[in-house]
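Everything on this sheet refers to the single structure shown next.
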Amino acid sequence: MLPWRSMPVIRFKLLAGRFSMPWLHHYTRLLAAASLLLITAGGLVTSTGSGLSVPDWPNTYGYFMFSFPLSKMVGGIFYEHGHRLIASVVGLLTIGLAVWISRIDRRRWVKRLGWTALGAVIMQGMLGGLTVIYFLPPAISISHAGLAQLFFALIVSLAIFTSKGWHSRYDHRPPLNDWILSRLALFTPLLIYVQILVGATMRHTDAGLAIPDFPLVFGGLWPPVWTAAISIHFAHRIGALLVAAVVCATVGHVLYHHASRRELCRPALLLSSLVLLQIALGGWTIWSEKHVAVNTAHVAVGALVWVTALSLTLRVHREWFVTEEQAQRRDARLDAVAAHSEAQA
297 MLPWRSMPVI RFKLLAGRFS MPWLHHYTRL LAAASLLLIT AGGLVTSTGS GLSVPDWPNT
357 YGYFMFSFPL SKMVGGIFYE HGHRLIASVV GLLTIGLAVW ISRIDRRRWV KRLGWTALGA
417 VIMQGMLGGL TVIYFLPPAI SISHAGLAQL FFALIVSLAI FTSKGWHSRY DHRPPLNDWI
477 LSRLALFTPL LIYVQILVGA TMRHTDAGLA IPDFPLVFGG LWPPVWTAAI SIHFAHRIGA
537 LLVAAVVCAT VGHVLYHHAS RRELCRPALL LSSLVLLQIA LGGWTIWSEK HVAVNTAHVA
597 VGALVWVTAL SLTLRVHREW FVTEEQAQRR DARLDAVAAH SEAQA
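Just so you know, the sequence shown maps onto residues 297 to 641 in the numbering used here.
Structure below.
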């Protein structure tokens with residue numbers, strides 16, 4: 297029998313554990329929002345051509361990053377130095393996330409994802425520095441953009457894994473057993489990520505206006521001449537059509553076959569809305585001749601399309617993350633509900 301003096305300590309630890317997971321989830325959502333802000337700031341840097349406005353790294357014109365005078369943050373320096381400051385905050389928040397997860401989450405794979413996120417943000421910072429040191433080489437700049445999207449997806453995934461709904465909905469839902477949706481859900485975010493990489497290549501090789509009209513291509517459906525820039529731009533447009541088609545197939549399948557599953561229908565409807573908005577922003581980017589605000593919004597919404605598709609994929613493949621004990625508990629609960637329904641009938 298435990299001594300009476302130890303009971304308050306045990307009770308405190310139980311309460312701390314109960315309330316720590318919701319707070320961890322809110323913290324992860326905050327980090328996800330900060331990551332989207334960072335991607336948007338990076339888009340502003342590229343859209344305004346401010347990537348080399350601060351020529352040194354990790355310092356800023358010889359100043360320690362956090363001691364650079366605000367009065368000197370003018371022109372392109374505002375965008376580039378602001379991007380660095382936001383990146384630093386995201387890095388610090390990621391350290392806190394990795395430590396927090398390792399302390400309170402019992403799932404080893406979630407702990408590994410937390411530390412993977414920290415490794416990714418460190419590598420991302422190094423790639424950001426290399427883009428400055430080597431004067432914005434396309435290969436490093438594209439890698440920087442691609443890793444930013446992977447990091448964002450990782451943080452959004454952790455926000456889902458730490459949410460209450462991730463656990464509570466599973467216990468009350470039978471498995472999907474839908475091989476068509478399982479394959480569509482895997483292919484959709486993969487295709488979207490490839491499209492993001494093609495878009496990053498287009499941005500960092502100055503091919504954004506290689507085809508100056510939209511939705512036509514030099515007044516027709518096919519480029520009359522081919523250059524590297526035109527090929528990259530045209531590939532991005534073809535990719536947009538493919539993404540739209542696959543998203544329509546995925547969303548249509550969810551709404552037709554799984555209309556009662558809110559955890560699937562909500563991200564599916566959001567995904568379709570974001571894709572429509574993204575296509576409109578793509579056309580507007582051309583019509584406005586790459587207006588800074590429109591161009592940057594195109595980058596930010598693209599990131600939202602990517603993580604929304606990923607969130608749908610995680611929910612479709614919920615069974616991947618289940619232990620045998622959880623599956624048995626879920627099956628027992630569903631059997632009990634079925635038996636009760638039969639008894640009442």
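Positions of the beta carbon are idealized from the N, C-alpha and C atoms, including for glycine.
Find the nearest neighbour of Val494 within the set Gln445, Ser349 and Thr604, judged by alpha-carbon distance. The residue labelled residue 494 in the question sits at position 198 within the sequence shown. Ranked by how close their Cα comes to the Cα of Val494, the residues Gln445, Ser349 and Thr604 have Gln445 in first place.
Stretch-stretch touch, CB-based, cutoff 8 Å, three pairs: the segment 407 to 417 with the segment 568 to 575: The segment 407 to 417 is not in contact with the segment 568 to 575.
For Thr356, tell me which candidate among Ile429, Ser331 and Pro470 has the shortest Cα-Cα distance. Position 60 of the sequence shown, counted from the first residue, corresponds to residue 356. Closest by alpha carbon: Ile429.
Rounded Cβ spacing between Leu320 and Ile400 (contact assumed at less than 8 Å): Locating residue 320 in the sequence shown gives position 24, counting from the first residue. Locating residue 400 in the sequence shown gives position 104, counting from the first residue. The C-beta distance from Leu320 to Ile400 rounds to 6 Å, short enough to meet the 8 Å contact threshold.
Contact check, Pro500 vs Ile438, beta carbons under 9 Å: Counting from 1 along the sequence shown, the entry for residue 500 is found at position 204. Counting from 1 along the sequence shown, the entry for residue 438 is found at position 142. First, the residue type needs correcting, since residue 500 is His and not Pro in the sequence shown. The criterion of a C-beta distance shorter than 9 Å is satisfied by His500 and Ile438.
For Gly461, collect the residues of the same chain with a Cβ closer than 8 Å to its Cβ; drop the 5 residues on either side in sequence, then sort them by chain order. What you label residue 461 is simply residue 165 of the sequence shown in a count that begins at 1. The beta carbon of Gly461 is closer than 8 Å to those of Glu559 in its chain, skipping five residues each way along the sequence.
So what's Gly548 in DSSP terms, helix, strand or just coil? Start at 1 with the first residue of the sequence shown, and residue 548 comes out as number 252. Note: Gly548 maps to helix in three-state DSSP.
Verify whether the separation of the beta carbon atoms of Leu334 and Ile382 is less than 9 Å. Reading the sequence shown from its first residue, position 38 is the one you call residue 334. Reading the sequence shown from its first residue, position 86 is the one you call residue 382. Closer than 9 Å, so yes.
Hey, which unbroken runs of the alpha helix (DSSP H) at 4 residues or more fall wholly within the segment 446 to 495? Taking 4 residues as the minimum length, the alpha helix (DSSP H) runs contained wholly in the segment 446 to 495 are 460 to 467, in order along the chain.
Using the rule of at least 16 other Cβ atoms within 10 Å of the residue's Cβ for burial, across every protein chain shown, is Tyr323 buried or exposed? On the sequence shown, residue 323 is found 27 positions in, with the first residue counted as 1. Flag for Tyr323 reads buried.
Would you identify the three-state DSSP class for Ser302, choosing helix, strand or coil? What you label residue 302 is simply residue 6 of the sequence shown in a count that begins at 1. Residue placement at Ser302 is flagged as unreliable, the pLDDT there being 44, under the threshold of 50; a coordinate-derived value is accordingly withheld.
Where His379 falls, given that 16 or more other Cβ within 10 Å makes a residue buried: What you label residue 379 is simply residue 83 of the sequence shown in a count that begins at 1. Of the other Cβ atoms in all chains shown, 16 or more fall within 10 Å of the Cβ of His379; this residue is therefore buried.
Exposure label - Val395; buried when at least 16 CB within 10 Å: For the purposes of this step, residue 395 is taken as the residue at position 99 of the sequence shown. It counts as exposed.
Would you mind working out which of Pro365, Phe431 and Leu454 sits nearest Arg404, comparing C-alpha positions? Taking the first residue of the sequence shown as 1, we reach residue 404 at position 108. It is Leu454.
Sort out for me which residues DSSP pairs Tyr359 with in a bridge. Within the sequence shown, numbered from 1, the residue matching residue 359 stands at position 63. As a beta-bridge residue in DSSP terms, Tyr359 pairs with Thr356.
Mind checking which residues open and close the alpha helix (DSSP H) that includes Arg408? As a working note, residue 408 is residue 112 in the sequence shown. Per DSSP, Arg408 belongs to the alpha helix (DSSP H) from Arg404 to Ile429.
By a C-beta neighbour count over all protein chains shown, 10 Å radius and 16 as the cutoff for buried, is Asn473 buried or exposed? On the sequence shown, residue 473 is found 177 positions in, with the first residue counted as 1. Exposed, since its Cβ has fewer than 16 Cβ neighbours within 10 Å.
Would you check if the distance between the CB atom of Ala576 and the CB atom of Ile488 is smaller than 9 Å? Against the sequence shown, residue 576 aligns to sequence position 280. Against the sequence shown, residue 488 aligns to sequence position 192. At the C-beta level, Ala576 and Ile488 stay beyond 9 Å of one another.
Please classify Val513: does DSSP put it in a helix, a strand, or coil? Counting from one through the sequence shown, the residue named residue 513 turns up at place 217. Val513 falls in the strand class under three-state DSSP.
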